[in-house]
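For reference, each letter of the sequence shown is one residue, going 7 to 201 in our numbering.
Here's the structure, in structure tokens; my notes come after.
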Amino acid sequence: MSAVTSVALSVLCGVLLPGDRPGALARTGFLVTVPALRLVADDRGGPRPEGNGSRPGTRAAGGVADGLRAGAGVAVQYLALGRAGPSSGLWPVAAGRVAAVPVMLPVGFRLGRELRLPRRRCGEALLAGAGAALGLILYLLAAQRQLPAVAVVLAPLHPALPVVLGFVLLREPLTVRRVIGLTGAAVAPLPLTLG
């Protein structure tokens, strides 16, 4: 949900803002990417987690709302990075990482002990954060060389990777919808980069 929302909002804003006028081929890539991401994220027919006593509809609605909020936040970040000029270097990414700290501190104080992790989990969290920073750096470099509206569509294709890894490493079954979504995610970058 967050990947679809971030792409849709970023492309919409990117195309409406002055200067971003992707060609017909790139627009075709946009039209393939958003439904492909939605299909990749689709878990209908897959295994369901055990319930915790709450109603499934309530849990699903909360997940959708969280996904929409996360997607909007990611879209704002992509749009801001897309406007940074080449002379800014990597400072926009560094500024974003530093700005996240005071935003997250109230959450940390509220959760308190729940945030304490074993040493191994802390290492995994640091690795995930480093991977996210690397992804933002690569997006920044791509946006400086390509229309931000095009570069932003390539960035959120990441949901396809866990699905492929789950199939290859864990032998998780692929639904027809996910196969169609993965095909779209594999094909979409071609018109985006050529257009």
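Glycine included, each C-beta is placed from N, C-alpha and C at the ideal position.
If you're wondering where the values come from, they're calculated on a predicted model, not measured in any experiment.
Buried versus exposed, by CB contacts within 10 Å (16 or more), residue i
i: R103; result: exposed
i: F115; result: exposed
i: R122; result: exposed
i: P245; result: Past the boundaries of the shown model lies residue 245; the chain is included only from 7 to 201, so the question cannot be answered.
i: E56; result: A caution first: E56 carries a pLDDT of 47, below 50, which makes its placement in the model unreliable, though a value can still be read off. When all chains shown are included, E56 counts as exposed.
i: V169; result: buried
i: R184; result: buried
i: P165; result: buried
i: V80; result: buried
i: L133; result: exposed
i: G129; result: exposed
i: L140; result: exposed
i: P53; result: For P53, the predicted structure reports a pLDDT of 49, less than 50, and the residue's modelled location is therefore unreliable. A value from the coordinates is still provided. When all chains shown are included, P53 counts as exposed.
i: A136; result: exposed
i: G187; result: buried
i: L111; result: exposed
i: L31; result: exposed
i: G77; result: buried
i: L45; result: buried
When the options are compared against residue i, the one with the closest alpha-carbon
i: V182; options: A148, A100, A47 and L196; result: A47
i: L146; options: G190, P195, P108 and Q83; result: Q83
i: L74; options: L15, A90 and P168; result: L15
i: S93; options: E120, R151 and R44; result: R151
i: A149; options: E120, G88, I143 and P165; result: G88
i: I143; options: A131, A100, V113 and V70; result: A100
i: P41; options: R126, T11 and L140; result: T11
i: T189; options: A32, L43, A105 and R125; result: L43
Range of the contiguous alpha helix (DSSP H) that encloses residue i
i: R127; result: R125 to R151
i: L45; result: A30 to V46
i: G114; result: W97 to L117
i: T189; result: V182 to V193
i: G172; result: A166 to L176
Below-8 Å beta-carbon distance, residue i vs any chain C residue
i: R33; result: Given the protein chain composition of this structure (a single chain), no chain C is represented.
Would you be able to state if there are at least three C-beta pairs under 8 Å between the region 184-200 and the region 35-44? yes
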